[in-house]
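Chemist: With our numbering as the guide, the letters of the sequence shown map in order to residues 429 to 524.
No residue lacks a Cβ here, since even glycine has one placed at the ideal position from N, Cα and C.
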Amino acid sequence: MSIGIKRLVLDVLKPHNPSLPYLANQISKIPKINGVNISLIEMDKETQSIKITIEGDELIFEVIKEKLEEWNCAIHSVDQVVAGKTVIEEVHTHQE
Numbered sequence: 429m430s431i432g433i434k435r436l437v438l439d440v441l442k443p444h445n446p447s448l449p450y451l452a453n454q455i456s457k458i459p460k461i462n463g464v465n466i467s468l469i470e471m472d473k474e475t476q477s478i479k480i481t482i483e484g485d486e487l488i489f490e491v492i493k494e495k496l497e498e499w500n501c502a503i504h505s506v507d508q509v510v511a512g513k514t515v516i517e518e519v520h521t522h523q524e
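1. Straight-line CA distance for E483 to M471?
2. What did DSSP end up calling I492 once you bin it into helix, strand or coil?
3. Can you find the residues in the same chain that come closer than 6 Å, C-beta to C-beta, to L448, ignoring five residues on each side of it along the sequence?
4. Less than 8 Å between the CB of I482 and some heavy atom of the ligand FMN, yes or no?
5. According to DSSP, which residues form a beta bridge with E483?
6. Going by the DSSP bridge assignment, what does S477 pair with across the sheet?
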């Protein structure tokens with residue numbers, strides 16, 4: 429079993445083009461990526477705020493960031509990183 433980054437959750441701002449289906453398909457072609465989920469969070473006249481969840485084996489953040497920039501997407505924040513031999517899901521406590 430491989431180690432390294434297995435999941436990234438990114439808060440991204442993008443123009444209306446490229447479309448979400450096109451962007452998801454292009455991201456899925458990046459080496460070591462097994463799956464992509466894109467959710468539209470907010471849309472205004474010129475831009476879209478989206479959440480991108482990427483899963484794979486030994487993901488390389490710098491490669492993903494460079495590709496997103498090629499498609500005129502700006503990463504606002506990295507909201508989650510999962511790394512290691514196994515994926516550990518967040519556990520919600522009563523305080524949350």
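Modeler: Inspection of the coordinates gives the following:
1. Each residue's Cα considered, the two are about 25 Å apart.
2. Of the three classes helix, strand and coil, the one that applies to I492 here is helix, per DSSP.
3. Result list for L448: I466, in chain order.
4. Inclusion of the ligand FMN in the displayed structure is not the case, the ligand content being empty and no account of it being possible.
5. R435, G463.
6. Beta-bridge pairing links S477 to L441, E470.
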